[in-house]
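Okay, so here's the structure we're looking at.
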Amino acid sequence: MSHQVDYRDGIAVTRLTGRITVGNALDDVREVVEEEIAAGRLRVVFDLGGVNFVDSAGLGELVACHRSLDKLGGRLVLAAPRGKVRDLLELTRIGELLSVCATVDEALQRIVED
Amino acid sequence: MGREETITLSLPSSLAYLDAVQGMAELLACTAGFDEEARLDVGLAVREGAINAIKHGNRLDPAKSVCIEFRLTAGVLKIAIRDEGAGFEPQLTPDPTTPENLWRSSGRGLLLIRSLVNEVHFRRHDPGMELILIKSRPADGQRDEEAS
């Protein structure tokens with residue numbers, strides 16, 4: 005998995021690409037959030053448009069990232085999941101815990117409004 | 013296909029083999045005539061079953077193995093994943109979709125597996141637990157269409 009971070013009005017928009025599965029990818033996702041927290045940025049959007057596969061450990065890591073931000077008063081919003089990734093977010097009802105938006109722009113709007 | 017075909021893998025209890033196991037499952041699902049979506053479903057279901065067996069069953073003990081048997085019959089692809097652990101009661105695993113469990117970072121594997129295949133069965137051994145996944149094969153006509 006690879007990632008690229010852009011900042012928009014103080015919100016970290018991280019585009020994740022590849023597979024979020026048990027192993028090193030989970031460490032990478034966790035490090036992204038830890039770096040933002042260390043820098044005092046507590047509003048994060050994960051752009052999942054480039055993620056083509058996720059397993060239960062990957063889904064769990066997304067929840068763990070949300071938990072880390074939430075306990076500090078921050079927020080994680082997921083954007084642009086597609087195909088099976090979107091299906092699994094719906095199946096597991098993770099969207100009831102953290103917002104899942106169709107686009108990055110929608111996610112930014114959601115995070116600003118909250 | 014007029015006869016059963018069986019392929020058996022024996023793995024050390026290491027998560028490093030998950031991608032290989034998933035790839036094998038998807039390859040056999042392709043051989044069985046499944047379309048792309050169903051192949052990915054089979055691959056993910058087997059991956060999740062292997063994670064459970066390696067991590068929760070064998071507790072990553074390198075002295076223990078996980079055995080995965082793929083059986084291809086005329087009607088179904090049947091996959092049996094067996095560990096050497098203490099076993100568990102499937103009906104006692106918490107529902108990960110309830111509000112109190114949504115915050116947990118684990119416990120979603122069985123939910124995924126159940127959604128991806130037609131049937132899921134559990135069989136206790138002494139020692140070990142066997143997870144059996146059954147995915148119905150597409151009808152011959154559908155297979156021919158997908159192959160053409």
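Residue numbers (my numbering), protein chains in the order written: chain A, 5 to 118; chain B, 13 to 160. All C-beta atoms, glycine included, are put in the ideal place defined by N, C-alpha and C. On a predicted model such as this, the values are computed, not experimentally measured, just so you know.
Count the C-beta pairs between the stretch 125-132 of chain B and the stretch 99-114 of chain A that are closer than 8 Å, then say yes if the count reaches three, no if not. With the cut-off at 8 Å, the stretch 125-132 of chain B and the stretch 99-114 of chain A do not touch.
Helix, strand or coil for residue 58 of chain A? Go by DSSP, reduced to three states. Looking at residue 58 of chain A - three-state DSSP - the assignment turns out to be strand.
Which residues, in order along the stretch 17-32 of chain A, keep a beta-carbon less than 8 Å from a beta-carbon of chain B? Per Cβ criterion, the list reads 25, 26, 27.
Within the same chain, show all residues whose beta-carbon is closer than 6 Å to that of residue 57 of chain B, passing over the 5 residues directly before and after it, in chain order. Hits under 6 Å: 125, 128, 129, 145.
Cβ-based neighbour list, residue 160 of chain B, same chain, cut-off 6 Å, excluding 5 preceding and 5 following: At residue 160 of chain B, the pLDDT of 49 sits below 50, so the modelled position is not reliable and the matter cannot be decided from this model.
Can you pull the chain A residues whose beta carbon is under 8 Å from the beta carbon of residue 35 of chain B, in chain order? Against chain A, a Cβ distance below 8 Å from residue 35 of chain B picks out nothing, because the smallest value is about 12 Å.
Using a cut-off of 8 Å between C-beta atoms, extract the partners of residue 101 of chain A located in chain B. Chain B residues near residue 101 of chain A: 114, 115.
According to the neighbour-count rule (16 or more other Cβ atoms, all chains shown, within 10 Å of its Cβ), is residue 49 of chain B buried or exposed? Counting every other CB atom within 10 Å of its CB across the protein chains shown gives residue 49 of chain B a total below 16, marking it as exposed.
Cβ-Cβ distance between residue 90 of chain B and residue 25 of chain B below 8 Å: Not a contact, by the Cβ cut-off of 8 Å.
Kindly list, in the order they appear in chain B, the residues whose Cβ is closer than 8 Å to that of residue 92 of chain A. Going along chain B in sequence order, the residues near residue 92 of chain A (Cβ under 8 Å) are 124.
Taking 8 Å as the cut-off, decide whether the C-beta atoms of residue 109 of chain B and residue 122 of chain B are in contact. No.
Could you name the residues of the same chain whose beta carbon sits closer than 8 Å to that of residue 74 of chain B, not counting the 5 residues immediately before and after it, in chain order? So the list reads 24, 25, 26, once near-sequence residues are dropped.
Chain-ordered residues of the stretch 54-71 of chain B with a beta carbon less than 7 Å from chain A: Those would be 56, 59, 60, 63, in chain order.
Report the option in B:100, B:60, B:136, B:42 whose CA atom is closest to the CA atom of residue 118 of chain B. Of B:100, B:60, B:136, B:42, the smallest CA-CA separation from residue 118 of chain B is found for B:60.
Using the C-alpha atoms, what's the distance from residue 81 of chain B back to residue 41 of chain B? Cα to Cα, the separation comes out at about 13 Å.
Is the beta carbon of residue 9 of chain B sitting closer than 8 Å to the one on residue 94 of chain B? Chain B is shown from 13 up to 160; residue 9 of chain B falls before or after that span and cannot be answered.
Where do the N-terminal and C-terminal ends of the alpha helix (DSSP H) with residue 63 of chain B fall, by residue? 48-63 is the span of the alpha helix (DSSP H), which, as asked, contains residue 63 of chain B.
If we define contact as Cβ-Cβ less than 8 Å, is residue 51 of chain B a contact residue for chain A? The C-beta of residue 51 of chain B comes no closer than 8 Å to any C-beta of chain A.
Should residue 42 of chain B be counted as a contact of the ligand PLP given a C-beta to heavy atom distance under 7 Å? This structure simply doesn't include the ligand PLP, nor any ligand for that matter.
Skipping 5 residues on each side, what residues in its chain have a beta carbon closer than 7 Å to that of residue 61 of chain A? Within the same chain, Cβ atoms closer than 7 Å to the Cβ of residue 61 of chain A are found at 25, 26, 30, the five residues on either side in sequence being excluded.
Would residue 94 of chain B pass as an interface residue toward chain A - the criterion being a Cβ-Cβ separation below 8 Å? No, residue 94 of chain B does not count as interfacial toward chain A.
Assigned exposure category for residue 140 of chain B - 16 Cβ within 10 Å defines buried: Residue 140 of chain B should be labelled buried.
When DSSP labels each residue in this structure, what does residue 24 of chain B get in the three-state scheme? The answer is strand: DSSP assigns residue 24 of chain B an E or B state.
Assign residue 70 of chain A to one of two classes, buried (16 or more other C-beta atoms within 10 Å of its C-beta) or exposed (fewer than that). Buried.
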